[in-house]
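Residue numbers (this note's numbering), protein chains in the order written: chain A, 1 to 285; chain B, 1001 to 1613. See structure below.
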Amino acid sequence: MTWPSATLLAQSVLSGVFVGALYGLLGLGLSLSWGLLRLINLAHFAFAFLAAYLCYQMATMGMDALATLLVIVPLFFAIGAALHWAMARFSITPFNSLLLTFGLTGIIEALIQSIWTADFRKLESAYGEHRFKVAGLFVPLPELITLLLAVGLSFAVWAVLRYTDLGRALRASAEDPAVAAAFGINQRRNALLLAGTCSALAGVAGVCLALGFTLAPSQIYAWIGVVFAAVMLGGLGRALAPLAAGVVIGVSEAVTMAVTAPSWAPLVSFTLLIAILLFRPGRAA
Amino acid sequence: MNTTVRAEPVEALPAGPGLRQTQPERWSGQWRTAAAIVAVAVALAFVPMLGLPAFYDSLLYLILHWIVLATSWNILSGYTGYFSFGHGAFFGAGLYTSATLMARLDWPFLATLPMAALVACVLGLGVGAIVFRVKGIRGEVFALLTLAVTFVLGTVIVNTPIDGGNGVSLAAVAVPRIGPTASSTFYLLALAAAALTLLVAWAISVTKLGAGLFAIHDDEDAAEVMGVPTYRYKLIALAISCALAGLAGGIHALFLNYVTVGEVFTITVPLTVVLMSVLGGSRHWAGPAIGAVAITLLLYSFTAANHAVAGKAMVGVVLIAAILFMPEGVLPRLQRLLMRRGRAPAVVPVATVEPSRGAEPAAGQGDVLLRATRLAKSFRGVQALAGVDVEVRRGEILGLLGPNGSGKSTFINVVSGHYVPSGGSIVFEGQELAGREAHRIARAGIARTYQIPRPFGGQSVLDNVALAALFGGGLGSPAAARREAMTWLAFAGLQDKAHARPDELNLHQRKFLELARALASRPRLVLLDEVLCGLTPAEIDAAVALVRRIRDQGATVVFVEHVMRAVMALTDRVVVFDHGELLAEGSPAEVMQRPEVMFAYLGQAHASERSDA
Chain A
1 MTWPSATLLA
11 QSVLSGVFVG
21 ALYGLLGLGL
31 SLSWGLLRLI
41 NLAHFAFAFL
51 AAYLCYQMAT
61 MGMDALATLL
71 VIVPLFFAIG
81 AALHWAMARF
91 SITPFNSLLL
101 TFGLTGIIEA
111 LIQSIWTADF
121 RKLESAYGEH
131 RFKVAGLFVP
141 LPELITLLLA
151 VGLSFAVWAV
161 LRYTDLGRAL
171 RASAEDPAVA
181 AAFGINQRRN
191 ALLLAGTCSA
201 LAGVAGVCLA
211 LGFTLAPSQI
221 YAWIGVVFAA
231 VMLGGLGRAL
241 APLAAGVVIG
251 VSEAVTMAVT
261 APSWAPLVSF
271 TLLIAILLFR
281 PGRAA
Chain B
1001 MNTTVRAEPV
1011 EALPAGPGLR
1021 QTQPERWSGQ
1031 WRTAAAIVAV
1041 AVALAFVPML
1051 GLPAFYDSLL
1061 YLILHWIVLA
1071 TSWNILSGYT
1081 GYFSFGHGAF
1091 FGAGLYTSAT
1101 LMARLDWPFL
1111 ATLPMAALVA
1121 CVLGLGVGAI
1131 VFRVKGIRGE
1141 VFALLTLAVT
1151 FVLGTVIVNT
1161 PIDGGNGVSL
1171 AAVAVPRIGP
1181 TASSTFYLLA
1191 LAAAALTLLV
1201 AWAISVTKLG
1211 AGLFAIHDDE
1221 DAAEVMGVPT
1231 YRYKLIALAI
1241 SCALAGLAGG
1251 IHALFLNYVT
1261 VGEVFTITVP
1271 LTVVLMSVLG
1281 GSRHWAGPAI
1291 GAVAITLLLY
1301 SFTAANHAVA
1311 GKAMVGVVLI
1321 AAILFMPEGV
1331 LPRLQRLLMR
1341 RGRAPAVVPV
1351 ATVEPSRGAE
1361 PAAGQGDVLL
1371 RATRLAKSFR
1381 GVQALAGVDV
1391 EVRRGEILGL
1401 LGPNGSGKST
1411 FINVVSGHYV
1421 PSGGSIVFEG
1431 QELAGREAHR
1441 IARAGIARTY
1451 QIPRPFGGQS
1461 VLDNVALAAL
1471 FGGGLGSPAA
1481 ARREAMTWLA
1491 FAGLQDKAHA
1501 RPDELNLHQR
1511 KFLELARALA
1521 SRPRLVLLDE
1531 VLCGLTPAEI
1541 DAAVALVRRI
1551 RDQGATVVFV
1561 EHVMRAVMAL
1571 TDRVVVFDHG
1581 ELLAEGSPAE
1591 VMQRPEVMFA
1601 YLGQAHASER
1611 SDA
């Protein structure tokens, strides 16, 4: 293996930051739901892909790709809240939530496949054609939008959790539900709100997916491992951590790809995940 | 529920002959299952003679293939509750071992199968040796760790000459002529593997290993304290599970004829086996097989009718329905239905005589049984035990007193091996116990109870007690342990509840179950942690009488308690802890009069009031 030129390396780091931002955006909702609701929502990835396909569909029908967010965000908020209502109704354990949402993932995958087929789909939007050069590096517009959305939403969630009564209530409920309830926190409403928000975040991530990536139903599973790695590297229930961890993983993957071969990239994220789980198992508590 | 109307199966029989009569009966009942598995396998071996079209062979092969994978997964994950998502890695390790040996080294196919099992087994042992050492690793973390191992292994294989990125073609490898056709050969091999796997899974579930694994599932800490070597048992279960998955992989390599990393090291294998086991019932050896048959046929029927996509959705629907409405699986549901039709559980005879251990208690009465010297335990700087010296004399009831937070429970936790002491020594019958694993301490002859009872929720009251006899008591077979357990249930007055679940007991009965469990290993030293806490006065009287009988049949008792009436009535000697240090020691009546003890308990003002009176 040979070290690539400085420009190529810088370009790799930049693309690592961009893909890492998407890891972070996907991880944000997952981390909040796992950390604050104690539900591991595997269907988060299926929701993101469903949103991506909806975005693709609406954009090919003439809508602006970003304007589809106006439809997608409320729709997925409702889906997420409904799913949480059902899981709370049957008082699902964290582990069973993993299995149940895996079943849901299979159903959504089949739904996507039957509507849009298993072929690859790529959204041809006006955004995809714009790319500009900064200091000798290419900056594609869709990826830049993803980065801005990821940073903006992560900080927004962080501010809500930290500075508002709702955020304090959510954190208190996660720490000790019984005591939080005794202090008059309406947990059911808060949990529905949070679950809806997590799914809405999956919807936003889906639009970013549609802008920057080629879609196929089987791709749902390709994101699970690496995003879980980002979530656990960052720690559960924290708003800024998935983004930071996602960027770390994205950059290390991109550099690995540039230095060795693209096929080695998964080794980085999963070795990282194994190391975290072994040395800091408390992170997943 | 029907607990109150159920006919009581337990009869009081005299000890001797009744026991011997039932033993062969139980064994024949057990062997019947093994014989049935073998008989079905032999009968199915004649299927290729029927001359069915080849695609039936392949369908049957796939069913058997998934039976092996799901059942082998269940040996670790179903029995112990550590859900592995890495079954694809172990399956894939076997598959690539076999493929590499055939394609690159020209090994004959059948010779590669033991190697496939061995490589997968060694990989599993390596992963387990690291992962199971992580203290307090929880289900979700274990699942993700094993999933990550799958992707790491897949990445390594695809990037090295093992695969090279293009996959391995086995088109040139000859299929051995075991059956009349190639497809029937695969069918027969998978049939043999499935029969072997089911026999192994069944055998584990009825032996000591299985009893230990089920206990780990319910409460790993309590299992360790009862003498189950939890680390070793988890490793053994993982090794067996991986070897069988590797065998399935080895067979599957040639069946596929062309193997690629993308199809093997995926999340599909683990999730499919999880689905099959959860659907069928993961606590039963046959549950995953039932799930495997159902799911494979379901998927096949949709694929055959060109509705593969609908099949995928259908599997999702089945999984969701199973988790919502049958979280224990189909098989336990069916079993319970059959039970309700009046099939009483197996009768276990009970000896009503008081258990005794002969001349042992008389010998060495009064000498030191356990000596703790400068025993210390601190938690991140908080000194829970600040170097205490305690002697426990053979045959006595020693009261361990002190206000809340004085270190009494820590003392019990350190002596029983639940915590590793930060300093000092514990010598029990001449053996140094400090720093030993809890299950070794249990085997050495020390048993404990928990203040809040921690029964194994998934097992009957009888099996709860039998587990302690099996591991702490070192008995060889579950049947012998059940007989031993029955005498201790009778001792604690719980013989009528032998076949009940622990959650059907009230608090008083659960406390007595804790006692029976502690006694069933025939310990020389019993540590009782607030057994009277939460009981009514009448129940306390019964418990006090029971503790006295425990001592009378030969055990030495350390008794942590707040109920003064019981302390005064029972103890020969008391030691008082305060702030992790030894405050006083002596006869109960004398020690409780000392001003420093009253002060520690009641505070200054009340203490002076009491000494005035």
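Here a beta-carbon is modelled for each residue, glycine too, at the ideal position from N, C-alpha and C. This structure is a prediction, so every number in the text was calculated from the model and none was measured.
Query, Result
"Residues of its chain near residue 56 of chain A, where Cβ-Cβ distance is below 7 Å and the 5 sequence neighbours each way are ignored", "121, 123, 210 and 215"
"Stretch-stretch touch, CB-based, cutoff 8 Å, three pairs: the stretch 8-28 of chain A with the stretch 88-108 of chain A", "no"
"Contacts that residue 1168 of chain B makes with chain A (C-beta to C-beta distance below 8 Å)", "Going along chain A, no residue has its Cβ under 8 Å from residue 1168 of chain B, so there is no contact; the nearest lies around 16 Å."
"Proximity test, Cβ basis, 8 Å: residue 29 of chain A and chain B", "no"
"Under 9 Å from the C-beta of residue 1159 of chain B: neighbouring residues of chain D", "The structure shown contains no chain D; its protein chains are A and B."
"Residue 1134 of chain B at chain A interface by Cβ criterion, 8 Å", "yes"
"Within 8 Å, strictly: CB atoms of residue 1202 of chain B and residue 1034 of chain B", "yes"
"The ligand HEM heavy atom lying under 7 Å from the CB of residue 1191 of chain B", "Annotation note on the ligand HEM: not contained in the displayed structure, which lists no ligands."
"Exposed unless 16 or more other CB atoms sit within 10 angstroms - verdict on residue 1025 of chain B", "In this prediction, residue 1025 of chain B scores a pLDDT of 44, lower than 50, which makes its location untrustworthy; no coordinate-derived value is stated."
"Cβ contact check for the stretch 1121-1133 of chain B and the stretch 1209-1225 of chain B: 3 or more pairs under 8 Å", "no"
"Cβ shell of residue 1081 of chain B (< 6 Å), same chain only, five flanking positions each side left out", "1217"
"Assigned exposure category for residue 1439 of chain B - 16 Cβ within 10 Å defines buried", "buried"
"Status (buried if at least 16 other CB within 10 Å, exposed otherwise) for residue 1105 of chain B", "exposed"
"Below-8 Å beta-carbon distance, residue 1347 of chain B vs any chain A residue", "Annotation note: pLDDT 47 at residue 1347 of chain B (below 50); position unreliable, no value reported."
"Residue(s) in a DSSP beta bridge with residue 1566 of chain B", "For residue 1566 of chain B, which the question treats as bridged, DSSP gives no partner whatsoever."
"Contact with chain B by residue 202 of chain A, beta-carbon distance below 8 Å", "no"
"Those residues which DSSP pairs with residue 1258 of chain B across a bridge", "B:1169"
"Contacts that residue 96 of chain A makes with chain B (C-beta to C-beta distance below 8 Å)", "1323 and 1327"
"4-residue-minimum alpha helix (DSSP H) runs that sit fully inside the stretch 1259-1309 of chain B, ordered along the chain", "1261-1264, 1268-1280 and 1287-1304"
"Within-8 Å CB hit, residue 103 of chain A to chain B", "yes"
"Contact with chain B by residue 284 of chain A, beta-carbon distance below 8 Å", "Annotation note: pLDDT 48 at residue 284 of chain A (below 50); position unreliable, coordinate value reported separately. Cβ-Cβ to chain B under 8 Å: yes for residue 284 of chain A."
"Contacts around residue 1574 of chain B, its chain only, beta-carbon distance under 6 Å, and the 5 residues preceding and following it disregarded", "1399, 1401, 1588 and 1591"
"Helix, strand or coil at residue 1083 of chain B [DSSP, three-state]", "coil"
"Residue environment, residue 1404 of chain B, which counts as buried when at least 16 other CB atoms sit within 10 Å", "exposed"
"Beta-carbon gap between residue 985 of chain B and residue 1186 of chain B smaller than 8 Å", "With chain B represented from 1001 up to 1613, any question about residue 985 of chain B goes unanswered, as that position is not in the structure."
"7 Å CB neighbourhood of residue 1023 of chain B in its chain, flanking five on each side removed", "Caution is warranted here: a pLDDT of 42 is assigned to residue 1023 of chain B, below 50, making its placement in the model unreliable, and no coordinate value can be reported."
"Distance between residue 1246 of chain B and residue 99 of chain A (C-alpha atoms, nearest Å)", "25 Å"
"Buried/exposed call for residue 1596 of chain B, threshold 16 Cβ in 10 Å", "exposed"
"Three-way DSSP call (helix, strand, coil) for residue 1377 of chain B in this model", "strand"
"Local conformation of residue 1425 of chain B per DSSP, three classes", "strand"
"From B:1371, B:1397 and B:1422, residue whose alpha carbon lies closest to that of residue 1385 of chain B", "B:1422"
"Cβ pair residue 1099 of chain B, residue 1168 of chain B closer than 8 Å", "yes"
"Three-state class that DSSP yields for residue 278 of chain A in the structure shown", "helix"
"Own chain, CB closer than 6 Å to residue 1004 of chain B, minus 5 neighbours either side, in chain order", "With a pLDDT of 37 at residue 1004 of chain B, under the threshold of 50, the modelled position of this residue cannot be trusted; read the value that follows with caution. Excluding sequence neighbours, residue 1004 of chain B sits near nothing in its chain."
"Within 8 Å, strictly: CB atoms of residue 1073 of chain B and residue 1277 of chain B", "yes"
"Beta bridge counterpart(s) of residue 1446 of chain B as assigned by DSSP", "B:1525"
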